[in-house]
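Q: Per our numbering, the very first residue in the sequence shown carries number 238; after that it's consecutive.
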Amino acid sequence: MSPAPDVVRSAYAQLTVTDLVASRWFWVDMLGFHVQYEDATHLYLRGTDELTHHSLVLRQADVAALEHIAYRLRTPEDVDKAAAFFTELGRPVRRFPAGDGTRGVGEAVRVLDPLGFPVEFFHHIERGQRLIQRYDLRRGAEIARLDHFNICTPDIPAAYAHYTSLGFGCSETIEGDDEHELYAAWMYRKQTVHDVAFTGGDGPRLHHIGVATHESHQVLRAADLFGSLHKEHHIERGPGRHGVSNAFYLYLRDPDGHRVEIYTSDYYTGDPDHETYRWNVHDDRRRDFWGNAVIPSWYKEATPVLDLNGTLQPVTRTVLDESTVAVGADGLG
């Protein structure tokens, strides 16, 4: 088997949206993303800490969906390794010379991975102006950077095995009492809790993208801003404290229903002897450390994904469903 490419981190997501003006209001005015580039059909956005051209691309389309998620690779040679790795797995692979793919991104490989997700791998990306101390440009929730992707898949062990083969470590899991009952997993390449997480459910679907702020008051400010404008219906869940990851969070839905988590206060995972922390599915602190209820939409609703031809992917039903485990405030079963 060809060696896996050396993944550095989660890099960007590209979503299709049905109203680019409404999306600009949500992601730029309310969340505080910086506009790096825009035209009649695209918005390229990044957070204040990010030196890359973008971490989120929004494209006008007839259907709201995930177009692809993307990981940055260590070297230009890793792009070739990604192509060989997924070709040997028998997965659809497309190569994009520099200038032919996403704006600002160099040579890239886009694949449909074994879980059914469109995933791009690249090394080169244009740099953006340093905005870390441009406090005069900050607005809304003052988003600092993209942190992670969370994907819905009916086969969590398969997702875990695939990302392990790509060199990802595992920070935390949710497991049942019986062997092989894996309900969720959080996996990383950068030295935080995760670059990707798996939520058990019908899939492939995108559960959410996670974006980081520096401080918890910025998470609270986001909630206050939506409430003050009578737009509180965009708030789906939280604010709260996760058991898994320890993060302070708020979940929002954009005008098309795409879910975003505003996220802060997780922890370092870079030590070589870092151990996976395993939560039991019957511990009602796993999803919210304070035991607050997880509403049904959070478990059941997610963004559909496109294949490499832009066609909506069929969804496979899940067998192991965490939302049916009736415990504490999570008792939805």
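A virtual CB, placed ideally from N, CA and C, is assigned to each residue, including glycine. Only a predicted model underlies this, so the values are computations on that prediction, with no experimental measurement involved.
Assign VAL258 to buried or exposed, taking buried as 16 or more other Cβ atoms, counted over all protein chains shown, within 10 Å of its Cβ.
A: Answer is exposed; the Cβ neighbour count stays below 16.
Q: Tell me the residue span of the alpha helix (DSSP H) that contains ILE393.
A: 393 to 402 is the span of the alpha helix (DSSP H), which, as asked, contains ILE393.
Q: In its own chain, which residues sit with a C-beta less than 7 Å from the C-beta of HIS291, not counting the 5 before and 5 after it?
A: Cβ within range, chain order: TYR249, GLN273, TYR281, LEU282, ARG283, GLY341.
Q: Near LEU349, what residues of its chain come up, given a Cβ to Cβ distance below 7 Å and the 5 sequence neighbours on each side ignored?
A: So the qualifying residues of the chain are ARG328, PRO329, PRO355, ASP544, LEU545.
Q: Alpha carbon to alpha carbon, what distance is there between GLN428 and GLY477?
A: Taking the straight line from one Cα to the other gives about 23 Å.
Q: By a C-beta neighbour count over all protein chains shown, 10 Å radius and 16 as the cutoff for buried, is ASP629 buried or exposed?
A: The structure shown does not extend to residue 629, since the chain spans only 238 to 570, so no value can be given for it.
Q: I believe ALA421 touches LEU352 by the beta-carbon criterion, under 8 Å. Please report the beta-carbon distance rounded to the nearest angstrom.
A: In fact, because the Cβ distance is near 14 Å, the residues do not count as touching under 8 Å.
Q: Quick one: give me the first and last residue of the alpha helix (DSSP H) that GLN455 is part of.
A: Start and end: 453 to 465.
Q: Taking all protein chains shown into account, do 16 or more other C-beta atoms lie within 10 angstroms of the C-beta of GLU416, making it buried, or fewer, making it exposed?
A: By the neighbour-count rule (16 or more Cβ atoms within 10 Å), GLU416 is not buried but exposed.
Q: Locate the alpha helix (DSSP H) running through TYR372, then write down its first and last residues.
A: Here TYR372 belongs to no alpha helix (DSSP H), and DSSP marks it neither H nor E.
Q: Please report how far the alpha carbon of THR540 lies from the alpha carbon of ASP520, in whole angstroms.
A: Cα to Cα, the separation comes out at about 27 Å.
Q: Among SER453, ALA530, THR285, whose alpha-carbon lies nearest the alpha-carbon of GLY365?
A: Selected option, being the one with the closest Cα: THR285.
Q: Curious, which full-length beta strand (DSSP E) runs of at least 3 residues does the stretch 468 to 528 contain?
A: Runs found: 472 to 478, 485 to 490, 496 to 501, 514 to 517.
Q: Is it the case that the stretch 365 to 385 contacts the stretch 259 to 271, given that we only count it when at least three CB pairs across the two stretches are under 8 Å?
A: With the cut-off at 8 Å, the stretch 259 to 271 and the stretch 365 to 385 touch.
Q: When you compare the CB positions of ALA241 and GLY480, do they come within less than 8 Å of one another, or not?
A: No, the pair does not count as a contact, with Cβ atoms beyond the cut-off.
Q: Contact check, VAL448 vs LEU383 under 8 Å by CB: the rounded distance?
A: Rounded, the Cβ-Cβ distance is 6 Å, consistent with contact.
Q: Taking only three categories from DSSP, how would you classify THR255?
A: DSSP places THR255 in coil when its eight states are reduced to three.
Q: Does PRO533 come out as helix, strand or coil in the three-state DSSP assignment?
A: Helix, per DSSP.
Q: Among residues of its own chain, excluding the 5 on either side of GLY343, which ones have a beta-carbon nearer than 7 Å to its beta-carbon?
A: So the qualifying residues of the chain are ALA335, PHE359, HIS360, HIS361, ILE362.
Q: In the structure shown, what three-state DSSP assignment does ARG554 receive?
A: Here ARG554 sits in coil by DSSP.
Q: Under 8 Å, do ILE499 and ALA459 count as touching if we go by C-beta distance?
A: Their beta carbons are under 8 Å apart, which means ILE499 touches ALA459 by this criterion.
Q: Alpha carbons only, please: which of VAL300, GLU287, ARG331 is nearest the one belonging to LEU549?
A: Minimum Cα distance to LEU549 is reached at VAL300.
Q: Quick check on this structure: which residue in TYR425, GLY494, ARG347 has the alpha carbon closest to the alpha carbon of HIS511?
A: If we check each option's Cα against that of HIS511, TYR425 comes out closest.
Q: Taking just the CA atoms, how far does GLU325 sit from PRO313?
A: The alpha-carbon atoms of PRO313 and GLU325 are separated by roughly 20 Å.
Q: For VAL316, report the span of its alpha helix (DSSP H) as first-last.
A: Segment 314 to 325, the alpha helix (DSSP H) holding VAL316.
Q: What residues are listed by DSSP as bridge partners for LEU577?
A: Since the displayed the chain opens at 238 and closes at 570, residue 577 lies outside it and no answer follows.
Q: Kindly list the residues whose CB is nearer than 7 Å to the CB of PHE322, restricted to its own chain and excluding five residues on each side of it in sequence; keep chain order.
A: Once the five neighbours on either side are set aside, the close Cβ partners of PHE322 are SER239, ALA241, PRO242.
Q: Using a Cβ-Cβ cutoff of less than 7 Å, which residues in the same chain neighbour GLY413 once the five nearest sequence positions on both sides are dropped?
A: Cβ neighbours of GLY413 beyond the five flanking positions: TYR420, VAL518.
Q: Beta-carbon of THR540 versus every beta-carbon of chain B: anything under 8 Å?
A: Within the model displayed, chain B is absent; a lone protein chain is all it includes.
Q: Since MET424 sits in a beta bridge, which residues does DSSP pair it with?
A: Answer is CYS407, VAL433.
Q: Taking only three categories from DSSP, how would you classify PHE263?
A: Three-state DSSP puts PHE263 in a helix.
Q: Below 8 Å on the Cβ atoms is my guess for PRO441 versus THR390; work out the distance and round it to an integer in Å.
A: Going by Cβ atoms, the distance from PRO441 to THR390 rounds to 6 Å, so yes, they are a contact pair.
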